[in-house]
Every structure is written in C-alpha cells, then in structure tokens.
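Quick note: the sequence shown uses our numbering, first residue 3, plus one each step.
Worksheet for the structure shown next.
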Amino acid sequence: HLGVSRALAEHGEPRAGRPGVAALMAAALPPVYVHSPEYVALCDSLCKVPKRASMVHSLIEAYSLLDQMKDEASGFCYLNDAVLGILRLRQKFDRVLYIDLDLHHGDGVEDAFSFTSKVMTVSLHKFSPGFFPGTGDVTDVGLGKGRYYSVNVPIQDGIQDEKYYQICETVLKEVYAAFNPDAVVLQLGADTIAGDPMCSFNMTPEGVGKCLKYVLQWQLATLILGGGGYNLANTARCWTYLTGVILGRTLSSEIPDHEFFTEYGPDYVLEITPSCRPDRNEPQRIQEILNSIKGELDHLVQAFTRRGA
C-alpha cells in the first residue's frame, strides 16, 4: 500500500541535508494503492479464492478509500511478491525488516534471506504438528551471517486480539531496537481472522490493525501486502478495515451498497465477532518464547556494541 517505489522514483535516495523517503512519504506523499484490472481478474480465477481480489477492491472502492490514495497500475498490491519487494527496497535501503502476520510460517521469505544480516524476518504463525509448512520454531534463527536475523514466534490455536498484540508489540520492540531497520515489508494475511476455514486463530481486523498501527508509528518506508484468507467476505472486511487504518479513516459499520453487497449477509456490517474457540496459548509458554527471542536478539546488540567500540 505505501508507495515505496513511487517515492524512490520521485525523490531518489536520502542524502545528507534532505529528508529521507520515509519522512517525505509521511509528510507529503499519500499512500499508493498498487493494482491493475488484469491482475485482479487473474487473481479472481484462482480456484482456492475465486473473486477474492474483486471483493477486496470493490469494498475498498465502496468506502471511497481510493479517493485518498494515488493509483498505479503495477500489479494488485495484496498479491505482490514479498521477496521481490525486499530486493527492490535493498537497492535503496541498507536494512529491511520483513514482518509476516499470516497464519502460516513465512518460510519462503525466511529461506531467501536466511544467510544475510541485511534483511531480518519476523514471523508470527501457527506452529503445530502436521500444520503446513511445519517450520518456524522459536529455535530457527537463521544461518551463517544471518544467524539471529530470523525471528519466529510459534503460536497455538485460539489466540485473540489482546494477547496477539501483546506478543507482537513485545517482539517488534525488541527487533526494532536490535536491528534498527531502514524500511519495512509487512504481510497481513487474513487467515488469522475468526471464521476463516483454517479454524485456527480467533482474531478480528481490529487486532491486526493495532499491530499495523504499531509498525506505522515508526514512520519508515513501508510496503504492506496481503496474504492468506479463505473466508472471502471476512478477508475483504479485514483488508478494507486495514486500508482505513493506513489512511487514518474510521469506517462506517454498515457495509455500503456495491457489487458484492449480498456476500456480507446476514448482518451486513464491517465488524467480525470472535468465536467461542478456546485459547490454547499458555501464558508460561508464551513467556518462555519471548524470553528466548530476547536472548537471541541480545546477541545482535552485543555484536553491534563490540563493533562500535
């Protein structure tokens, strides 16, 4: 969503005595909504998520959110490739932080950058025997020069907004202090939301939105992507709500009349209610995971301190 590539094209790299891209974007440039009708149609044809792209785009348009964003026909923003986005950012920024809040472990991006210290990956995800892809335990921290630059937060079924945000904020605070990123790629899957066919987490768009706000307050150049999400109406609700968060807009609870209005019955509201699914995340285990992550990140802080000395 946030137009990193456009900002770079218009303003180039930050130089001494002039504001950086992040400052320029925060102060002057509106977010960029990257899409094209061709990519929307192509994504609509995917058998696992038919019409999902059109539903998302149509609901964003119905809330008149497109009026506040520049428009570039360069691919549907929610389906951009994270690795290519990171590589593009690395042409201009020294350290890029990738944050994956999808239900599944962000193994592909982690593997792509597991040997480098220039890209740090953070993934909050379900980790359970037999659940795809079966990777992403807290002990997976990267390899070689990339050791300690992969952060994995394994979570069990049933987690809700408050606990998820507490975990996310705690981890990202430590990551930011240890890595000091110049740019961020943030992947916001909707398969963590209550009502998704994956039947795992029990979150709402408001919980994901709090995590998004935490990242945006860093005021860095930020590329925001979608991910999983197999309840099509709830995915559209979630990503439309998050678009409102990016723009600082409070959206009406009532779904506006538009092409896919009937898909949002029987209540026709933007909000999603959590289910009665029990939370399987024991506080003691969560604290053990957070302590382990802090210990691994302390290695980076100590290394930077020695290097500076």
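Glycine included, each C-beta is placed from N, C-alpha and C at the ideal position.
When you compare only the Cα positions, how much space is there between residue i and residue j?
i, j, result
"D159", "Q221", "32 angstroms"
"G197", "L105", "13 angstroms"
"E265", "R279", "24 angstroms"
"Y150", "G246", "34 angstroms"
"V210", "S277", "16 angstroms"
"E284", "G297", "20 angstroms"
"S47", "L174", "36 angstroms"
"Q168", "G132", "27 angstroms"
"M122", "K53", "33 angstroms"
"I101", "G267", "33 angstroms"
"A84", "V303", "27 angstroms"
"E112", "L99", "11 angstroms"
"L86", "S254", "35 angstroms"
"V42", "M200", "24 angstroms"
"I62", "D300", "41 angstroms"
"R90", "P39", "23 angstroms"
"V51", "L218", "29 angstroms"
"A179", "A305", "13 angstroms"
"L44", "R287", "42 angstroms"
Find out if the Cβ-Cβ distance for the pair residue i, residue j is shorter than 7 angstroms.
i, j, result
"S125", "G138", "yes"
"T206", "D163", "yes"
"G231", "T224", "no"
"E171", "Y216", "yes"
"G191", "G136", "no"
"L249", "Q189", "no"
"I156", "F134", "Here the sequence assigns Pro to residue 156, which means Ile is not the residue at that position. It is not a contact, given that the beta carbons lie outside the stated cut-off."
Quick one: residues in its chain with C-beta nearer than 7 angstroms to the C-beta of residue i, no 5 flanking neighbours on either side, listed in chain order?
i, result
"R97", "K120, F181, N182, P183, D184"
"A64", "P258, H260"
"S56", "V42, D46"
With distances taken Cα to Cα, identify the nearest neighbour of residue i among the options.
i, options, result
"V312", "F262, G267, P276", "Nothing can be reported for residue 312, as the shown portion of the chain is limited to 3 through 311."
"F115", "V217, F134, I295, I88", "I88"
"T141", "I295, L302, A305, V303", "I295"
"L272", "Y166, Q219, L244", "L244"
"V34", "L67, A43, L234, D83", "L67"
"L292", "H301, N154, E256", "N154"
"D193", "D109, C240, P39, L214", "C240"
"R92", "I161, I288, N204, V186", "V186"
"A235", "I195, R251, E208, Q219", "I195"
"K212", "L103, H301, R282", "L103"
"T252", "D281, E208, Q286", "E208"
"F203", "G108, H127, L44, V51", "H127"
"R282", "E290, I161, L218", "I161"
"Q289", "L214, Y166, G110", "Y166"
With a CB to CB cut of under 8 angstroms and the five nearest residues on each side skipped, what residues in its chain are close to residue i?
i, result
"T118", "K147, G148, Y151"
"E256", "Y270, V271, L272"
"I274", "I195, A196, G197, T206, P207, N236, R239, C240"
"L214", "L188, L190, I226, L244, V247, I248"
Grab me the residues of residue i's own chain with a C-beta within less than 6 angstroms of its C-beta, minus the 5 sequence neighbours each way, in chain order.
i, result
"S60", "H260, E261, F262"
"F312", "Past the boundaries of the shown model lies residue 312; the chain is included only from 3 to 311, so the question cannot be answered."
"N233", "G197, D198"
"D109", "P135, T137"
May I have a chain-ordered list of the alpha helix (DSSP H) segments no shorter than 4 residues that lie completely inside the segment 196–253?
207–218, 234–249
Only counting runs of 3 or more residues, tell me where the beta strand (DSSP E) segments fall wholly within the segment 247–294, in order along the chain.
none
Ignoring anything shorter than 4 residues, give me the alpha helix (DSSP H) runs that lie fully in the segment 140–194, in order along the chain.
163–181
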